[in-house]
Each structure stands twice: as C-alpha cells, then as structure tokens.
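A.B. asks: One gets my numbering by counting positions in the sequence shown from 1 and adding 20 to each. Sharing a structure with you now.
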Amino acid sequence: MWTRISLSTLILWILSSEQYVESTCTQPSSEWSGNWYDSQFDGTFAMTWSGSAITVSGWSVTAYSSTVTSWTCVLEDTTNNYIVFKGDQTVNLFGAPQNAYICMAWTSVSTYSAIYYLRANQETNAGNFRVFIEDSAITMGAASKYCSPSSGPSTAEYHALVKQSYISSVGQYFPTLLLGTYEYTANDGSSSLCGTGSVWDNCADRTITAFNYTQCSTVMAFSSGGTLYNVYSVVSGSYTYVTLVNADTTTDQSTTYRFTCLISEASGSNVQLSLDHGSCSTSGTPSTVPSGGMTALLTPYEPCPFTTTSATTTSITTITTTSATTTTGATSEETSSGSIGLFIGAAIGGLLFILIIIGVIIICLKLKKKKNVVQDEEKKQMPPQECVIETMSPRDALEIGTPDADNRLTPLPIHPAAPEPVTQPDKHPLPPITNNG
C-alpha cells in the first residue's frame, strides 16, 4: 500500500541518505595506511586505517591561534575522489569552538605516490591555508559543502605524496623541456655559483635529476647526495612545474629538504628555472630567487636520445580543478603510442620509396623504347649509301705499318690489276722492204 509523502519530507530523506552514504570512508584504499612524505607540510605524516575510520597525524594547521594536529576522515565522494578530514581538535574563535575541515581531491600517480589539491577557499585567519572553518554547533553536511571553493585551486597548486621507503619506485619521465644534460649557473640572490664544467643530468635516467658535485660542490635542489626523482609535473601557461623528491636517507629541514619544486620555462635555447623546497608556489616565477632557494640557467650539452626502456611510468588520471586542467609528462602509454606511430611512419616511408623507384624504372624503360622507335624511323628515311672503295695513294704505298703481335707487317690493300695494253694497227704502214739484189 502506498503512503503519501510530502515534498519536504522526501527532500529531507534524500539529504539524510546522501549524508549517510558519504559518512563512511573507504577511499583511497588500505594500501595508503602507513607513513608518507607530504610536499605541502615538507615533512611526514602517518595515515592509519581502522575499519572505515581513517586518521592522519602530521598535518599541522593553525587558525585563529589554535593548532590542529590530527584529523579523521568523516566524508567521501568516490565519484570525484574527494575525501574530507575533520580536525580532532577544535579552533577557538572568541570563545566559540569551531570545526576545521580539509577536503582533499586526490589522484594516484603510481603505487607509492599520489598528488592532491585542497578544495577550499584560502582562509585569511589560517595563513591563507585552504581549510573550511565552521561553528561546531552546525550539523555536518555533505562532502560537496566542504569541497566547493569559490576560487581556486589553480593547476600548479598541487601537493605530492610519496610513501616512505619507496622513493626509488616513484620516478616519472621529465617533461620535454627538461630532458637533457646541461651546464648550469646558479644564483642564490647574492652570488653566482657553478658554471663552466658543471653537470646537471636528466638523461642517464629520464626519471632522475643527478648533479655531479665533483664539478661544482654547491648543494643543488636541497639534496646533499645530488640525486632526486621526478614525482609529478604539470604545464600551466608558459611555465612547467616539477616536483622532485630527495633520495637522501635523512634531511635536516634546514639545508636539505625532502621535496624540491622547479618552476621552469624556455629562454631561447636555454632553460631558466627557480628552485624552492616543498610544494610549488603559484606566486613563484622561473627568474625570481625564492626565500632560501635559488635560480639556475641551464645551457644544454645535448638533448636526451629517445628511448622506451629508460623508465616505466604509470598512466596518470587527469584532474579538473576550478580553473584549469593538469597535464602530465610522458607516460608509458604515450611512449607506446609514439613507438607505433614511428613504425607506421617508417613503413609508409619505405613503401613510398619503393613506389618511386618502380616509377623511375618504368619511365626509363618507356623513354628507351621511344628512343629506339625514333632511331628506327630515322634509319628508314635515310637514302642508301654507296659503297666507296678507297684507293691507295702513292704515299700510302710507301708507308709500312707497325708489325702486329706475330711480328708480321700489315698487308697492303689489294687493288684491281691494271688492264693489259692493246696493240693498235698502224694507220700508215711502211712499204715493204724490197730486195734489190
């Protein structure tokens, strides 16, 4: 039997159902449990799974002079990959407790790395950190309430996550702009460093930046060992943003850091870039020396040769923010497509070359046949030639040729014999002689 339900009751039922569905946290997955490095806080955080409850420690957010240091997942939107964390500590605003919410829009980059955007407006009273502050007396709403900022984040405003002990497994191909071996000149804002003979190598392994400190001892990219892996990169306008993770065993968070951001752009045949620690700043530029960081001008020794075996990358899901869409470096799928394209292009080129050769041969045969026909016609139209026997001159008869290989003289030419003279009768014969006695 059907029961009459008012429109307002139906709406309330739908809203309560949505909240119920989103109140359980099942994403990203239990594999996320453990310790991670986070470029946003330039340090470590721990994510712990306990059934459907996910807790995070290591994120520290200060708002209105109150600091929140641990968080619990309370909502999720699996369609958009949103997870919402609520602060375990409240924020004191003029004596009234406030709840702090962080909405993370995450994307897996590899098995042991990911990137995320914070989907909230920048809070002035929290140092412009993207956090949602709400009176604790207000009933928690749906995930969309905490994940719909009116401004930002921009494409370059991403943060990188790398699981501890797996740094060497997260490398992605560098973007085309940085695929090369370079000489570099750095500037820390007060002096010029390195230069002639320095080596910045992104070619030996296209997922690794390696510095040769025997050529220039200045510590680059906040790495004492000089080896960093490319975690993620995006292109926004004319700038290419790259996040590197330092392979050093430990960092002191003073001269060495776990993450380095490169903001780069082409400068003629060179590359201009800035180096800062942590996540990339949208206010940074390739030519501006960040506080505590440096800039560098890269002059290429040589570009990287194309290869499909120098690294294995994982396809990256595209992320749409409120202002732009991210783009990534080369993936294995793109590399395979590129290889197939090269093979097809080579096959087509070879076929065209063969067809051209066949065409040239056919044309040559036709031209030769036409030439023979013309020569035959010309021969038919020529008058018959008389046989001329060349006679020997007296001079020729006196000349003796050179003996041949058998030491024989060349025979003289045979000429017809001269006719015998004919005796003519005497027209006036003498009278016979008379014997007179």
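C-beta: ideal position from N, C-alpha, C; glycine also. For clarity, every value in this text was computed on a predicted model and none was experimentally measured.
Can you check which of these residues, PRO310, ASN141, ILE122, is closest to VAL88 by C-alpha distance?
C.D. replies: For this step, residue 88 is matched to residue 68 along the sequence shown. Comparing Cα positions, the closest option is ILE122.
A.B. asks: Going straight from the alpha carbon of ARG278 to that of SER133, what length do you get?
C.D. replies: Position 258 of the sequence shown, counting from 1, holds the residue named residue 278. Position 113 of the sequence shown, counting from 1, holds the residue named residue 133. Cα atoms of ARG278 and SER133: separation of roughly 14 angstroms, rounded to the nearest angstrom.
A.B. asks: Got a sec, what are the start and stop residues for the beta strand (DSSP E) SER253 sits in?
C.D. replies: Translated into the one-based positions of the sequence shown, residue 253 becomes position 233. Taken as a continuous stretch (DSSP letters only), the beta strand (DSSP E) holding SER253 covers 247-256.
A.B. asks: Using the Cβ count rule (16 or more neighbours within 10 Å means buried), how would you classify GLU51?
C.D. replies: By 1-based counting over the sequence shown, the position of residue 51 is 31. With fewer than 16 Cβ atoms within 10 Å of its Cβ, GLU51 is classed as exposed.
A.B. asks: For my contact list, THR468 and ASN55 are in at a C-beta cut-off of 8 angstroms; report their separation, rounded to the angstrom.
C.D. replies: Since the displayed the chain opens at 21 and closes at 457, residue 468 lies outside it and no answer follows.
A.B. asks: Along the chain, where does the alpha helix (DSSP H) containing SER164 start, and where does it finish?
C.D. replies: On the sequence shown, position 144 is the one that residue 164 refers to. Counting along the chain, the alpha helix (DSSP H) containing SER164 begins and ends at 163-166.
A.B. asks: Between which residues of its own chain and ASN119 is the CB-CB distance below 7 angstroms, once the five residues before and five after are set aside?
C.D. replies: Translated into positions along the sequence shown, residue 119 becomes position 99. Counting only Cβ-Cβ distances below 7 angstroms, and skipping sequence neighbours, we find LYS106, GLY107, THR110, GLU154, SER156.
A.B. asks: Verify whether the separation of the beta carbon atoms of TRP126 and ILE158 is less than 9 angstroms.
C.D. replies: Taking the first residue of the sequence shown as position 1, residue 126 is located at position 106. Taking the first residue of the sequence shown as position 1, residue 158 is located at position 138. In this structure, ILE158 does not lie closer than 9 angstroms to TRP126 by Cβ.
A.B. asks: For ASP272, is the classification buried or exposed, using 16 other Cβ atoms within 10 angstroms of its Cβ as the cut-off for buried?
C.D. replies: Here the question's residue 272 lines up with position 252 in the sequence shown. When all chains shown are included, ASP272 counts as exposed.
A.B. asks: If you compare alpha carbons, which of ILE74, GLY246, VAL309, LYS388 is closest to GLU96?
C.D. replies: Numbered from 1 along the sequence shown, position 76 holds the residue referred to as residue 96. The residue with the shortest Cα to Cα distance from GLU96 is ILE74.
A.B. asks: Look at the alpha carbon of ASN207 and the alpha carbon of VAL265, and state the distance between them as a whole number of angstroms.
C.D. replies: Taking the sequence shown and counting its residues from 1, one reaches residue 207 at position 187. Taking the sequence shown and counting its residues from 1, one reaches residue 265 at position 245. The alpha-carbon of ASN207 is positioned some 22 angstroms away from that of VAL265.
A.B. asks: So GLU322 and GLY200 are in contact, right, with Cβ under 8 angstroms, and what is the actual spacing, rounded?
C.D. replies: By 1-based counting over the sequence shown, the position of residue 322 is 302. By 1-based counting over the sequence shown, the position of residue 200 is 180. That pair is a contact at about 7 angstroms.
A.B. asks: In angstroms with no decimal places, state the Cα-to-Cα distance between HIS179 and SER59.
C.D. replies: Counted from its first residue, the sequence shown places residue 179 at position 159. Counted from its first residue, the sequence shown places residue 59 at position 39. Taking the straight line joining both Cα atoms gives about 6 angstroms.
A.B. asks: Within the continuous beta strand (DSSP E) that includes VAL190, where are the two ends?
C.D. replies: For the purposes of this step, residue 190 is taken as residue 170 along the sequence shown, with counting starting at 1. Neither: VAL190 is in no beta strand (DSSP E) and is coded neither H nor E.
A.B. asks: Starting from GLU322, trace the beta strand (DSSP E) both ways and give me its first and last residue.
C.D. replies: Along the sequence shown, read from residue 1 onward, the residue named residue 322 stands at position 302. Taken as a continuous stretch (DSSP letters only), the beta strand (DSSP E) holding GLU322 covers 314-323.
A.B. asks: Among the candidates ASN100, SER164, VAL76, whose CA atom is the shortest distance from the CA of TRP91?
C.D. replies: Translated into the one-based positions of the sequence shown, residue 91 becomes position 71. Minimum Cα distance to TRP91 is reached at VAL76.
A.B. asks: DSSP three-state label for ASN55, please.
C.D. replies: Taking the first residue of the sequence shown as 1, we reach residue 55 at position 35. In the structure shown, ASN55 sits in a strand (DSSP, three-state: E or B).
A.B. asks: Counting only the same chain and skipping the five closest in sequence on each side, list residues whose C-beta sits under 8 angstroms from that of PHE168.
C.D. replies: Taking the first residue of the sequence shown as 1, we reach residue 168 at position 148. The sequence shown places Ser at residue 168, not Phe. Cβ within range, chain order: ARG139.
A.B. asks: Classify SER133 as helix, strand or coil using the three-state DSSP reduction.
C.D. replies: On the sequence shown, position 113 is the one that residue 133 refers to. If DSSP states are grouped into helix, strand and coil, SER133 belongs with the strands.
A.B. asks: Within this structure, are the beta carbons of TYR261 and ALA176 separated by less than 9 angstroms?
C.D. replies: Counting from one through the sequence shown, the residue named residue 261 turns up at place 241. Counting from one through the sequence shown, the residue named residue 176 turns up at place 156. In this structure, ALA176 lies closer than 9 angstroms to TYR261 by Cβ.
A.B. asks: Determine, using beta carbons only, whether PHE242 and THR276 come nearer to each other than 9 angstroms.
C.D. replies: Looking up residue 242 in the sequence shown gives position 222. Looking up residue 276 in the sequence shown gives position 256. Result yes, Cβ atoms of PHE242 and THR276 sit closer than 9 angstroms.
A.B. asks: May I ask which residues mark the beginning and end of the beta strand (DSSP E) holding GLN292?
C.D. replies: As a position in the sequence shown, residue 292 is number 272, starting the count at 1. Its beta strand (DSSP E) spans residues 290-297.
A.B. asks: Whole angstroms is fine: what's the gap from LYS388's alpha carbon to GLY379's?
C.D. replies: Mapped onto the sequence shown, residue 388 falls at position 368. Mapped onto the sequence shown, residue 379 falls at position 359. So the two alpha carbons sit approximately 14 angstroms from each other.
A.B. asks: Which residue marks the beginning of the beta strand (DSSP E) containing LEU181, and which one marks its end?
C.D. replies: Position 161 of the sequence shown, counted from the first residue, corresponds to residue 181. Start and end: 179-183.
A.B. asks: From this set, LEU198, THR196, CYS93, THR216, which residue's C-alpha is nearest THR205's C-alpha?
C.D. replies: To locate residue 205, count along the sequence shown from 1; it is residue 185. It is THR216 whose Cα lies nearest to the Cα of THR205.
A.B. asks: For LYS386, count neighbouring C-beta atoms within 10 Å of its own C-beta (all shown protein chains included) and say buried if the count is 16 or more, exposed if not.
C.D. replies: Position 366 of the sequence shown, counted from the first residue, corresponds to residue 386. The residue in question, LYS386, is exposed, as its Cβ has fewer than 16 Cβ neighbours within 10 Å.
A.B. asks: Mind checking who ASP221 pairs with in its DSSP beta bridge?
C.D. replies: The residue given as residue 221 occupies position 201 in the sequence shown. DSSP output for ASP221 lists THR201, ALA230 as bridge partner(s).
A.B. asks: Rounded to a whole number of angstroms, what is the C-alpha to C-alpha distance between TYR249 and VAL190?
C.D. replies: In the sequence shown, the residue the question calls residue 249 occupies position 229. In the sequence shown, the residue the question calls residue 190 occupies position 170. Cα-Cα distance, rounded: 7 angstroms.
A.B. asks: What residue from LEU181, ASN100, GLY161, TYR166 has the CA that sits closest to GLY78's CA?
C.D. replies: Stepping through the sequence shown from its first residue, residue 78 is reached at position 58. GLY78 has its Cα closest to that of LEU181, out of LEU181, ASN100, GLY161, TYR166.
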